[in-house]
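Visitor: So the sequence shown is residues 70 to 378, counted in the working numbering.
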Amino acid sequence: MNYSMVSEFVFLGIFRSWSMQHLLVAFSFIFYVAIVLGNLLIVLTVTSDPQLQCPMYFLLANLSFIDMCLSTVVVPKMISDLFYEHKTISFQGCITQIFFIHLMGGTEMVLLISMAFDRYVAICKPLHYLTIMKPRTCIFLQMSAWAIGLIHSLIQLAFVVNLPFCGPNEIDSFYCDLPRFIKLACIDTDKLEFIVTGNSGFISIGTVFLLFISYIYILATVQKHSSIGLSKAFSTLSAHISVVILFFGPCIFVYVWPFPTMPVDKFLAIVDFIITPILNPSIYAFRNKDIKVAVKRLSSQLVNFKKIS
70 MNYSMVSEFV
80 FLGIFRSWSM
90 QHLLVAFSFI
100 FYVAIVLGNL
110 LIVLTVTSDP
120 QLQCPMYFLL
130 ANLSFIDMCL
140 STVVVPKMIS
150 DLFYEHKTIS
160 FQGCITQIFF
170 IHLMGGTEMV
180 LLISMAFDRY
190 VAICKPLHYL
200 TIMKPRTCIF
210 LQMSAWAIGL
220 IHSLIQLAFV
230 VNLPFCGPNE
240 IDSFYCDLPR
250 FIKLACIDTD
260 KLEFIVTGNS
270 GFISIGTVFL
280 LFISYIYILA
290 TVQKHSSIGL
300 SKAFSTLSAH
310 ISVVILFFGP
320 CIFVYVWPFP
330 TMPVDKFLAI
340 VDFIITPILN
350 PSIYAFRNKD
360 IKVAVKRLSS
370 QLVNFKKIS
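Now the structure itself:
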């Protein structure tokens, strides 16, 4: 059959009211600036401070970079669209947004597993930590995370990039969400929807399962040696667990929950792209004494540099 190609898609957005949209502009802009500044500060602090050149902070800096990129893929476009009644994105722009969302999301999933492995070695095998978590190992873990994220994203796009679209072209969201994107195709996509959503959904569930199994194993191992060590380990892992719940909760709901509701989906998307990326620095980094001291050193160096110049 001959199809007339859709050249752009229309976002229905979050709110219909202009006053609510203006409120969301202010909210999103403030949070996005905080996301960029907070995560960029962590990346600069870790890369510039010699005392933070260890695996845990190397992985943390990469997490901050991914969070900043993931938010940048969606939030600036969402903010600019809030000023217009007709919110559009080109077909190529929609495909590009889907690609980078799944690239960053898949990479972050694997990176969180790497961070859990780092905590396992640090807590359960402290004497072998530097031997196991060598710089080469850290680079391998990071490259593996990006490679798996890229493969996951390319697999998702391979199913949908050649789908025919002849209308309608309205997406009831503020970004190109893969399940809603597929529903707009001119052919029967029930099986394809199951494959694509199942791919992301079950990967998310599998990753959460592995993470919580590792946390339980760490706590069980520490409990055998010391109750004091158990409380310290639980305090350390609580930050990781908080990030896992915030990151994977919306993903699992969107891709696995069989009864999707638009208001809830949109709220969870805001959590994923705006709330979680700003909480990661505060949960992981700014509670850490070494990071606080390093930030103070960096700020004092910048002040002294300005005075000299």
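Note that the Cβ used here is the ideal one computed from N, Cα and C, for glycine as well. Just so it is clear, the structure is predicted and the values come from calculations on it, not from any experiment.
(1) Just how far apart, CA to CA, sit V333 and H197?
(2) Report all residues from its chain with a CB closer than 8 Å to the CB of Y189; omit the five preceding and five following residues, and keep chain order.
(3) Since M238 and V75 are thought to touch, with beta carbons under 8 Å apart, how far apart are those beta carbons, to the nearest angstrom?
(4) What is the C-beta distance between I104 and I339, in whole angstroms, given that I count them as a contact (C-beta under 8 Å)?
(5) At the level of alpha carbons, what is the spacing between S149 and I164?
(6) For my contact list, L93 and L151 are in at a C-beta cut-off of 8 Å; report their separation, rounded to the angstrom.
(7) Using the Cβ count rule (16 or more neighbours within 10 Å means buried), how would you classify E177?
(8) With DSSP as the reference, identify every bridge partner of T157, one or two as the case may be.
(9) Give every residue of the same chain whose Cβ lies closer than 6 Å to the Cβ of T258, excluding the five residues on either side of it in the sequence, and list them in chain order.
(10) Taking Cβ positions, are G162 and S222 nearer each other than 8 Å?
(11) Just the Cα atoms here: how many angstroms apart are W87 and F78?
(12) CB Q166 to CB V144, shorter than 8 Å?
(13) Just how far apart, CA to CA, sit I274 and L210?
(14) Within 10 angstroms of its Cβ, does Q122 collect 16 or more other Cβ (buried), or is it exposed?
(15) Taking 8 Å as the threshold (C-beta atoms), are F228 and L261 in contact?
(16) Taking the beta carbon of Y153 as the centre, do at least 16 other beta carbons fall within 10 Å, making it buried, or is it exposed?
(17) Give me the residue from K293, I208, H171 and F243 with the minimum Cα distance to N268.
(18) Under the rule that 16 or more other beta-carbon atoms within 10 Å means buried, what is H91, buried or exposed?
(19) Helix, strand or coil for I344, going by three-state DSSP, please let me know.
(20) Less than 8 Å between the CB atoms is what I'm expecting for F127 and C207, so what's the real figure, rounded?
(21) State buried or exposed for S307, treating a residue as buried only when at least 16 other CB atoms are found within 10 Å of its CB.
(22) Helix, strand or coil for I135, going by three-state DSSP, please let me know.
(23) What is the DSSP secondary structure of I240, reduced to helix, strand or coil?
(24) Please state whether the Cβ-Cβ distance between V364 and L110 is less than 8 Å.
(25) Is F234 helix, strand or coil when you go by DSSP?
(26) For my contact list, S133 and N349 are in at a C-beta cut-off of 8 Å; report their separation, rounded to the angstrom.
(27) Going by C-alpha to C-alpha distance, which of F336, Q370 and H309 sits closest to I380?
(28) If we call anything under 8 Å between Cβ atoms a contact, is G82 one with F336?
(29) Hey, would you say R366 sits closer than 8 Å to D118, going by beta carbons?
(30) For the alpha helix (DSSP H) containing I99, list its first residue and its last residue.
Guide: Let me lay it out:
(1) 46 Å
(2) S283, Y286 and I287
(3) First, the amino acid is wrong: residue 238 is Asn here, not Met. With a Cβ gap of about 5 Å, N238 and V75 count as contacting.
(4) Going by Cβ atoms, the distance from I104 to I339 rounds to 12 Å, so no, they are not a contact pair.
(5) Spanning the alpha carbons of S149 and I164 requires a straight line of approximately 19 Å.
(6) 6 Å
(7) buried
(8) V79
(9) I251
(10) no
(11) If I take the Cα positions, the gap works out to 21 Å.
(12) no
(13) 21 Å
(14) exposed
(15) yes
(16) Looking at its Cβ environment, which holds fewer than 16 other Cβ atoms inside 10 Å, Y153 is exposed.
(17) H171
(18) Exposed: under 16 other Cβ atoms inside 10 Å.
(19) helix
(20) 5 Å
(21) exposed
(22) Three-state result, I135: helix.
(23) strand
(24) yes
(25) coil
(26) At roughly 7 Å, the Cβ-Cβ gap stays under 8 Å, so S133 and N349 are in contact.
(27) There is no way to answer for residue 380, as the model of the chain reaches only from 70 to 378.
(28) The criterion of a C-beta distance shorter than 8 Å is not satisfied by G82 and F336.
(29) yes
(30) Counting along the chain, the alpha helix (DSSP H) containing I99 begins and ends at W87 to S117.
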